[in-house]
Amino acid sequence: MSYAGPDFDPPQPRRSRRGPLTVALAALVPGALIGWFVYEAVGGPGGSGNAAAGASAPASSAPVSPTSTASNDDKPPNSRPLTGKVVVIDPGHNITNFQHTAEINRKVDIGTNRKECDTTGTSTNAGYAEAQFTMDVSHRLQKILERQGATVKLTHDGGSPSWGPCVDQRAKIGNDAHADAAISIHADGAPAGDRGFHVILPGSVHAGAADTRAIVAPSAVLGRNIESDYRRATGEAPANYVGDGTGLVTRKDLGGLNLSTVPKVFIECGNMRDSKDAALLTNGAWRQAAAQGISEGIVSFLRG
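Residue numbers (our numbering): 172 to 475.
Written as structure tokens, this is what we have:
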């Protein structure tokens, strides 16, 4: 999305005015008038630009171009607070999964049991697929986090790979990246009338290839931050059908959480099968707010 800047009119230089006191001072002290012009040019003590009353910028001052950008040295120290941090975003499902039913139905080990590699996900009644939604929000979230200095990795990027990846591989991508935080983006397919969002936290699992004991506590902090900031940014209420109104649910049956060794949560951004939630999920401006809320929760977590 591009934004047109405002019309720009270069500032017109104003004439400097020297009163009788200045003239008299110049006559008495030859260097004073020169000093006055130096003071006026640099804008007073420290070059702040707030010169004494009546002082103005010299006529030779060049107007600042509206397209010029400040250097990194001019930015405040915290303008890129996520520099050095790695975030892995997992866009739920894949838009082409329906073309690979044999592959996605293959069972993989998630520690507590074996489960399908992946699923097709859900959609709105009008046909807007969950996989489209999750990829759109993931790209928006990626841009926001990268602007703040984070290194962001996606588990897949819309057709690459052409299906999946499987849930165990999605977890592995976050683990191999040594992510400081990971999040899987989803939208629910609950019955109509069930509304709202919820964040899914990993339960304590120690079975087979799964061991979440080290990430349960930090994942809970990550999840609570995202729940709070997402609710504020989107205006969406916590789910009325799970989580007892907290917007938080703990589960032990999701391979993407069970096999994670880094702090990770899922978010069900709303219910695609409810008409009121669907109206939000299909709105681009609302999806931007959703990405913003998620990003703020991640930033809060990573900054401690």
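Every residue, glycine too, gets a C-beta built ideally from N, C-alpha and C. Remember, predicted model here, so these are calculated numbers, not experimental data.
Taking the Cβ atom as the reference point for each residue, do residue i and residue j lie within a distance shorter than 9 Å?
i    : j    : result
P373 : K324 : no
H377 : A410 : no
T326 : P252 : no
N268 : G329 : no
R311 : A461 : yes
V308 : R458 : yes
D365 : Y412 : yes
L473 : A348 : no
I344 : V436 : no
A363 : S294 : no
I275 : W334 : yes
According to DSSP, which residues form a beta bridge with residue i?
i    : result
K447 : BP columns for K447 are empty, so no partner.
L425 : DSSP lists no partner for L425.
V259 : K324, A353
A381 : A378
D365 : Partner(s): none; D365 has no beta bridge.
V420 : I371
D359 : N442
S294 : A300
Which residue's Cα is closest to the Cα of residue i: the options?
i    : options                : result
I438 : G464, T453, A456, D415 : G464
G255 : E317, R285, T305       : E317
L393 : E301, C288, E467       : E467
D415 : T283, G367, P362, N284 : G367
G476 : S390, L452, D445       : It is not possible to answer for residue 476, since the shown part of the chain is limited to 172 through 475.
T453 : K343, A302, S250       : A302
S250 : T383, I315, N296, D382 : I315
R277 : D339, G418, V470       : D339
T272 : D280, T291, I260       : T291
G298 : A456, F472, A450       : A450
V470 : E287, Q313, A342, K286 : Q313
G418 : S331, Q319, D400, T293 : D400
V279 : A388, G427, I260, S446 : G427
D289 : T295, R341, I260       : R341
L425 : S375, A408, G455       : S375
P383 : I281, E274, I260       : Here residue 383 turns out to be Thr, not Pro, going by the sequence shown. Comparing Cα positions, the closest option is I281.
A456 : F304, A388, P332, A408 : F304
Q270 : A408, R395, P332       : P332
In the DSSP assignment, the beta strand (DSSP E) including residue i goes from what residue to what residue?
i    : result
E407 : Counting along the chain, E407 falls outside any beta strand (DSSP E), and DSSP gives it neither H nor E.
I371 : 369-373
I438 : 435-442
R485 : In the structure displayed, the chain extends from 172 to 475; residue 485 sits before or after that span and is not available.
Hey, quick one: how far does the alpha helix (DSSP H) through residue i stretch, first residue to last?
i    : result
F304 : 301-318
I465 : 455-473
D280 : Here D280 belongs to no alpha helix (DSSP H); instead the beta strand (DSSP E) covers 278-280.
R341 : 338-347
A273 : 272-275
Just to check my reading of the structure: residue i and residue j have Cβ atoms closer than 8 Å, yes? What is that Cβ distance to the nearest angstrom?
i    : j    : result
P336 : I386 : Going by Cβ atoms, the distance from P336 to I386 rounds to 20 Å, so no, they are not a contact pair.
A321 : G441 : Their Cβ separation, rounded to whole angstroms, is 25 Å, which puts A321 and G441 out of contact at 8 Å.
A350 : L430 : At roughly 13 Å, the Cβ-Cβ gap does not stay under 8 Å, so A350 and L430 are not in contact.
I356 : V420 : Between V420 and I356 the Cβ distance is about 16 Å, and since that is not below 8 Å, they are no contact.
G360 : M306 : With 8 Å as the limit, G360 and M306 do not qualify as a contact, their Cβ atoms being about 17 Å apart.
N346 : T283 : Incorrect: roughly 18 Å between the Cβ atoms, too far for contact.
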